[in-house]
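Report on one structure; see the data block that follows.
In full-length UniProt numbering, the protein residues as written are 1 to 486.
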């Protein structure tokens, strides 16, 4: 791929024949039969390519950049993120070369459109690499400056004046004193240079150490940001997939439940609304012109030009014609709409009754829940009360009770209720499952809460661990190569 230019020389992959017919839109200003024939002619077949994935669609809408971008978003669940949408390329059928789409008239039937999504990825990578390159260049520049300062310090040390040769024939006392002073001054200068050189070396070492720590922190931050970006990208992709699935399900339900009468009413409403709005604008414009003519004639006594009078006559005739057409259309569709409203009204009444029943049921359930909560709170208060436990006192036996014999006789006389027994068994099984589900220790509960709330520290994830492992492997190979070379 050549991302800097406007031509992509990579060939198109084999295009699968996955034909998907969409429903044509109704024209608002034509008749019903003419709309159906003209909408079938407006279909064009397009091939959309994103990477190696290619999809075939039939498009009947407007041809503009926004519509083409929405086709890529709908078919591939593509998300450009915070950046601009990538450029769209079109394939020349004769040469077989992709070039940037600039003239929308070139989009015809069976055109191949490709999205240069790799440009965004390379842009993100180039920005991160350029940032790291700037940091490294600054570190290199500071190291070079520090090395230059060290070199200058060494040069000044080596260029110091040599110790004069005092071994002369019979030196004078004044010359010996001056030579001693010069030696002391040179020694002091050397000590100052040594101290400044040590301070400079320490400063350079501390600066390099700080730069090294900053680079390490930047690497860790980049690893964490890479992990967060990958997680966000995965979550966004899943969200788009779920939204696409829900949209398709809603479309299927709407297609199944929507009757022909309702679609006829919707199309008629759209047509009537557009025509009435256009007629209203014409009437307002005509009213403004007539008011202006009235003001000119009454106040200033001026005659309007003949062209303006002719224009007003033509507009008035057009408005009257459109009004009669709309009135005739309303008379035609009114009986059909009334029949549809009657059916929908019955459906609305049934739905209102159902909703009222559900509201009453919810109120009853709320009252039951309130009573259960009060009983539960009372039980908790009794449990927490420090009172002594009462001793169980068995009730006195009733008259005629003979112990086990009476119990066995009552058991023989019981009529078994199998449905009640099954319900009791099911209730016991559910209670056992709840007990097993609630049987969890404190550590497991804390660990589950910790993981569920995503409290784990972001350290870069598996990619950061893999990068560190590769770095250690490279260092080990370098050390091994050095030892073998020695």
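Beta carbons: idealized from backbone N, C-alpha and C, even for Gly. Bear in mind that the values here come from a model prediction, so they are computed numbers and not experimental data.
For this session: Going by CA-CA distance only, name the one from 279, 100 and 116 that's closest to residue 327.
Result: 279
Problem set entry | Cross-strand partners of residue 53 (DSSP beta bridge) | Residue pairing from DSSP places residue 53 in a beta bridge opposite 50.
For this session: For residue 79, I'd like the list of residues in its chain whose CB is within less than 7 angstroms of its CB, leaving aside the five on either flank, ordered along the chain.
Result: 236 and 240
Exercise. Taking DSSP as the reference, what is the three-state secondary structure of residue 475?
Worked result: helix
Exercise. In whole angstroms, what is the alpha-carbon distance linking residue 163 and residue 194?
Worked result: Because the pLDDT of residue 163 is 47, which lies under 50, any placement of that residue in the model is unreliable, and the number read from its coordinates should be weighed accordingly. Distance from the CA of residue 163 to the CA of residue 194, rounded to the nearest whole angstrom, comes to 18 angstroms.
For this session: With 7 angstroms as the threshold, decide whether the Cβ of residue 263 is near any Cβ in chain B.
Result: Among the protein chains of the structure shown there is no chain B, as only one such chain exists.
Exercise. Do residue 93 and residue 115 have their C-beta atoms within less than 7 angstroms of each other?
Worked result: no
Problem set entry | Beta bridge counterpart(s) of residue 211 as assigned by DSSP | According to DSSP, residue 211 bridges with nothing at all.
Problem set entry | Closest by C-alpha distance to residue 84, when choosing among 351, 90 and 66 | 66
Exercise. So, residue 44 versus residue 109, is the Cβ gap smaller than 7 angstroms?
Worked result: yes
For this session: Decide if residue 321 is buried, meaning its Cβ has at least 16 other Cβ atoms within 10 Å, or exposed.
Result: exposed
Problem set entry | Burial state of residue 90, where buried means 16 or more other Cβ atoms lie within 10 Å | buried
For this session: May I ask you to report which of helix, strand or coil DSSP gives residue 249?
Result: helix
Exercise. Looking only at C-alpha atoms, which of 459, 437, 74 and 46 sits nearest to residue 248?
Worked result: 74
Exercise. So what does DSSP say about residue 439, is it helix, strand or coil?
Worked result: Residue 439 falls in the coil class under three-state DSSP.
For this session: Could you tell me the distance, in whole angstroms, from the CA atom of residue 112 to the CA atom of residue 61?
Result: 17 angstroms
For this session: Quickly, what does DSSP pair residue 89 with across the bridge? List them, please.
Result: 100 and 114
Problem set entry | Extent of the continuous alpha helix (DSSP H) run through residue 460 | Careful: residue 460 lies outside any alpha helix (DSSP H) and carries neither H nor E.
Exercise. Which of helix, strand or coil does DSSP assign to residue 44?
Worked result: Strand.
Problem set entry | Per DSSP, cross-strand counterpart(s) of residue 59 | 44
Problem set entry | With 16 other Cβ atoms within 10 Å as the buried cut-off, status of residue 46 | buried
Exercise. Can you name, in chain order, every residue of its own chain whose Cβ lies under 8 angstroms from the Cβ of residue 158, other than the five neighbours on each side?
Worked result: No answer about residue 158 holds up, because its pLDDT of 46 lies below 50 and its placement is not dependable.
Exercise. Are at least three pairs of beta-carbons, each pair with one atom in the stretch 280 to 290 and one in the stretch 306 to 313, less than 8 angstroms apart?
Worked result: yes
Problem set entry | At least 3 beta-carbon pairs within less than 8 angstroms: the stretch 259 to 270 vs the stretch 302 to 309 | no
Exercise. Would DSSP call residue 487 helix, strand or coil?
Worked result: A query on residue 487 cannot be resolved here, the shown segment of the chain reaching from 1 to 486 and no further.
Problem set entry | Sequence-distant residues of the same chain with beta carbon closer than 7 angstroms to residue 333, five excluded per side | Excluding residues within five positions, the ones whose Cβ falls inside 7 angstroms are 268.
Exercise. Can you tell me the Cα-Cα spacing of residue 348 and residue 339, whole angstroms?
Worked result: 14 angstroms
Problem set entry | residue 283 vs residue 330 beta-carbon contact at 7 angstroms | no
Exercise. Okay, do the stretch 221 to 228 and the stretch 453 to 463 touch, 3+ Cβ pairs below 8 angstroms being the bar?
Worked result: yes
For this session: Give a yes or no on contact between the stretch 134 to 152 and the stretch 208 to 221, applying the rule of three or more CB pairs nearer than 8 angstroms.
Result: Cβ pair count under 8 angstroms is three or more, so yes.
Exercise. Roughly how many angstroms lie between the CA atoms of residue 52 and residue 470, to the nearest whole one?
Worked result: 30 angstroms
Exercise. From residue 302 to residue 272, what does the alpha carbon distance come to, in whole angstroms?
Worked result: 40 angstroms
Problem set entry | Local conformation of residue 396 per DSSP, three classes | coil
Problem set entry | Residue burial classification, residue 223 (beta-carbon count within 10 angstroms, cutoff 16) | Buried: at least 16 other Cβ atoms inside 10 Å.
For this session: Would you mind giving the Cβ-Cβ distance between residue 104 and residue 129, rounded to the nearest angstrom? I have them listed as a contact below 8 angstroms.
Result: Not really, about 36 angstroms apart at Cβ, beyond 8 angstroms.
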